[in-house]
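**Student:** Dropping a structure here in structure tokens format, bear with me for questions.
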Amino acid sequence: MTFDTIDKKLIQLLQEDSKQTNKALSNKLNLSVTAVYERIKKLENQGVINKYVALVNKEKVAKSFVAFCHVKLTQHSQNYVIEFEKEVADLQEVLECYHISGDYDYLLKVLVKDMEAFREFMVNRLTKINHIGSTHSMFMINEVKHTTAITV
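Here the sequence shown stands for residues -5 to 146, numbered as in our numbering.
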């Protein structure tokens, strides 16, 4: 898909603050409000913009312990993969899950209150999923960069 300069700037502005009014966006882009509305609708209809969300400050909601968990399945059969992915998708503590190459099969980004909550998650939630052969966890010391914005 090809984007002109205005589409790229519009996408950037919406990623910075999706609550901006079409009027505010039109002023920044030197377009009419109708033209901005039509461009946004086009981006939504083409699936470029999937949804609008609120980004929550994890410290303010007492969920600032971030762990990255590598997971290795006992075998790579289609049934095991499908079952694991279905079950891990239901774990509210898991923010992101990626099927990866290398020594492990999956990488999970987990967000909980503290180390005790992480232990509880590992013992009572994650490792109860069938077909997990092993896990390896790492903990965030400092968040150097975190963004949700994608440059077009």
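Note that CB positions come from ideal geometry on N, CA and C, so glycine has one too.
#1: Would you kindly report the start and end of the unbroken beta strand (DSSP E) that includes THR129?
#2: Leaving aside the five residues before and after GLY127 along the sequence, list all residues of the same chain whose C-beta is less than 7 Å from its C-beta, in chain order.
#3: Secondary structure at LEU67, three-state DSSP: helix, strand or coil?
#4: Measuring CA to CA, which of ASP108, MET116, LEU19 is closest to VAL82?
#5: Look up LYS13 in the DSSP assignment and say whether it is helix, strand or coil.
#6: Could you tell me the distance, in whole angstroms, from the CA atom of LYS57 to the CA atom of SER26?
#7: If you compare alpha carbons, which of ASP11, LYS107, LYS36, LEU23 is closest to THR(-4)?
#8: State the Cα-Cα distance for the pair LYS17 and ILE94, rounded to the nearest angstrom.
#9: Note down, in chain order, each residue of its chain lying with its Cβ closer than 6 Å to the Cβ of GLN9, except the 5 sequence neighbours on either side.
**Tutor:** Let's see:
#1: For the purposes of this step, residue 129 is taken as the residue at position 135 of the sequence shown. First-last of the beta strand (DSSP E) with THR129: 126 to 133.
#2: Your numbering for residue 127 matches position 133 in the sequence shown. Result list for GLY127: LYS66, LEU67, THR68, in chain order.
#3: Here residue 67 refers to the residue found at position 73 when the sequence shown is read from its first residue. Of the three classes helix, strand and coil, the one that applies to LEU67 here is strand, per DSSP.
#4: If you number the sequence shown from 1, residue 82 lands on position 88. Among ASP108, MET116, LEU19, the Cα nearest to that of VAL82 belongs to MET116.
#5: Against the sequence shown, residue 13 aligns to sequence position 19. The answer is coil: DSSP assigns LYS13 none of H, G, I, E or B.
#6: Along the sequence shown, read from residue 1 onward, the residue named residue 57 stands at position 63. Along the sequence shown, read from residue 1 onward, the residue named residue 26 stands at position 32. Taking the straight line from one Cα to the other gives about 42 Å.
#7: As a first step, residue -4 is located in the sequence shown; it is residue number 2 there, counting from the start. The candidate whose alpha carbon is nearest that of THR(-4) is LYS36.
#8: Position 23 of the sequence shown, counted from the start, is the residue given in the question as residue 17. Position 100 of the sequence shown, counted from the start, is the residue given in the question as residue 94. Answer to the nearest angstrom: the Cα atoms are 43 Å apart.
#9: Counted from its first residue, the sequence shown places residue 9 at position 15. Around GLN9: ALA143.
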